[in-house]
Amino acid sequence: MKAVEIMLVEDNPDDVELTVRALRKSNFTNPIRVLRDGAEALDYLFGNGPDGRPNMEAPPVVMLLDLKLPKVNGAEVLEKVKSDPRTRGIPVVVLTSSREDRDLHETYKLGANSYIVKPVDFEQFNRAVNQIGMYWLLINQHPAG
Amino acid sequence: MSGGMVGAWTVALFAGASLVWAIAARRRDRRLAAAMHDDLDRRLDQAAKDIGAAHAELDAFAYTVAHDLRAPLRAIDGFSRALIEDFPQGLEPEAARLLGIVRRNAVRMGALMDGLLAYSRLSRQPLATRNVDPAAIVRRLLDDGAAARAGRDLAIVIGALPMCVADPGLLTRLYAALIDNSVKFTRETPAARLEIGSRIENGRTVYVVADNGVGFDMAYAGKLFGVFQRLHRAEDCDGTGIGLATAQRIVHRHGGAIWATARPNAGATFCFTLGEPAP
Chain S
1 MKAVEIMLVE DNPDDVELTV RALRKSNFTN PIRVLRDGAE ALDYLFGNGP
51 DGRPNMEAPP VVMLLDLKLP KVNGAEVLEK VKSDPRTRGI PVVVLTSSRE
101 DRDLHETYKL GANSYIVKPV DFEQFNRAVN QIGMYWLLIN QHPAG
Chain E
146 MSGGMVGAWT VALFAGASLV WAIAARRRDR RLAAAMHDDL DRRLDQAAKD
196 IGAAHAELDA FAYTVAHDLR APLRAIDGFS RALIEDFPQG LEPEAARLLG
246 IVRRNAVRMG ALMDGLLAYS RLSRQPLATR NVDPAAIVRR LLDDGAAARA
296 GRDLAIVIGA LPMCVADPGL LTRLYAALID NSVKFTRETP AARLEIGSRI
346 ENGRTVYVVA DNGVGFDMAY AGKLFGVFQR LHRAEDCDGT GIGLATAQRI
396 VHRHGGAIWA TARPNAGATF CFTLGEPAP
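Just so you know, the sequences run in chain order S and E.
Oh and the first sequence: position 12 is 12 in the working numbering, straight run, nothing missing.
Just so we're on the same page, the working numbering is the position in the second sequence counted from 1, plus 145.
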């Protein structure tokens, strides 16, 4: 069985490294596809390669999405993902630094499956990433394809 | 013309002239008043715009603090920890200790920023007032904090707490801040005592939270409610210095007043009112 991909949309390379590290420490070996801004994420999800084939071969098992991204922000990516029948089924976990309520309300309204505030404390960060992994990769059974 | 006629005419002339002058003066006064009124209107408009702009700036500032300033802190803590994890055999105890200090400070700065953000949200969120029972709030807070007080020699007395009109969430945070404060500053006090009650003063209910803890010198009372102001050294107490500032902001939003009286090593008494009850 081919291991399913985790999609990580994050512009801060340090956060990418910490998140990847936390997932690996929690023994998740799934390939991680990192996209560095909202435009890159949308191009991967909906765009076609030079050969005319879609960039995305199979939907990721989960998308970890930072809210504050260059070019196209996380909320816009979320809105597009949740309003397109091809991608609506992808669980989206919003990963953000923000505790601001308006972000929380907005992302849930747009259809985020969960919302995790990235803690400053690395141990908390590890636990948060571990819980995301546990829930979306192991417990949550979702329709394939 | 006789002298009398001249006198009468003069008087009439003066009277007429002074009447004309008075009317002109009144017109001028009215114009002046209208001009001042216009000016006041303009200034009020400008002030409202300035306040609106200040709020928008504060919003933007809080958003920046929430998003952008936390990321570097996360990296400082995360990579310090990675260093400890990846080189357990290579790090001497002293190096590990120093890295521990780096991490502790990153986490502390995160807590300070969270406190500041919560504080700034206080003035931005709308007030949702209704009839509230402070006694229920206080009992729930004391129940929630019971585990943290386990083993402490601390007697808690709850007196009369009349119903009030307040935002229940904010009143909870107000009492949480005052109770936390008292619990913290009675830590070293033998036979510590915390009294939560009220009294009537000039027809108004004054809510009171009093303890017999370390207290403070009234010379510093002016600093008590400032953001990040602390009257105790960091090693003597934890906390971010935001609790009493939060309490004051909540009381002010309710149109009330908060004050404290204390003596060093003889306890502190915090009093607050909540503005006029709704009719």
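We put the CB at the ideal spot given by N, CA and C, even for glycine.
Contact annotation: E:Ala300 and E:Arg338 have beta-carbon atoms nearer than 7 Å. Rounded to whole angstroms, the Cβ separation of S:Val34 and S:Leu8 is 5 Å, and the two are in contact under 8 Å. The beta carbon of E:Arg349 sits closer than 6 Å to the beta carbons of Thr418 from its chain, once the five residues preceding and following it are set aside; these are given in chain order. Sequence-ordered contacts of the region 20 to 36 of chain S with chain E read Arg21, Ala22 and Lys25 [C-beta pairs closer than 9 Å].
Cβ-Cβ distances below 6 Å link E:Asp190 to nothing in the same chain once the five nearest sequence neighbours on each side are left out. From the beta-carbon of E:Leu419, no residue of chain S is found nearer than 9 Å; the closest lies around 24 Å away. Close partners of S:Ser97 in chain E (Cβ separation under 7 Å): Ala211, His212, Arg215 and Ala216.
Within a 10 Å sphere around the beta-carbon of S:Glu10 sit 16 or more other beta-carbons, which makes this residue buried.
DSSP lists E:Val353 as the bridge partner or partners of E:Gly342.
Going by DSSP, E:Ala291 is part of no alpha helix (DSSP H) at all; its letter is neither H nor E.
Per DSSP, reduced to three states, the secondary structure at S:Met63 is strand. A check of alpha carbon separations from S:Ser97 across S:Thr87, S:Tyr115 and S:Val81 identifies S:Tyr115 as the nearest. Take the alpha-carbon of S:Arg53 and the one of S:Glu5: they are about 18 Å apart.
When the alpha-carbon of E:Gly388 is set against those of E:Ala198, E:Leu257 and E:Asp204, the nearest one is in E:Leu257. Within the same chain, and ignoring the five residues on either side of E:Asp288 in sequence, no residue has its Cβ closer than 7 Å to its Cβ.
The closest CA to that of S:Glu123, considering only E:Val252, E:Arg269 and E:Gly260, is found on E:Val252. Secondary structure note for E:Thr391: it is in no beta strand (DSSP E), and the uninterrupted alpha helix (DSSP H) holding it is Gly388 to Arg398.
Counting the other Cβ atoms within 10 Å of the Cβ of S:Met63 gives 16 or more, which makes it buried. Selection E:Gly245, E:Gly235 and E:Thr209 evaluated against E:Gly223 yields E:Gly245 as nearest (Cα-Cα). Shown in chain order are the members of the region 49 to 81 of chain S whose Cβ falls below 9 Å from a Cβ of chain E: Leu67 and Lys68.
For S:Leu18, at least one C-beta of chain E is nearer than 7 Å to its own C-beta. Across the structure, S:Arg88 and S:Gly74 are spaced so that their CA atoms are roughly 15 Å apart.
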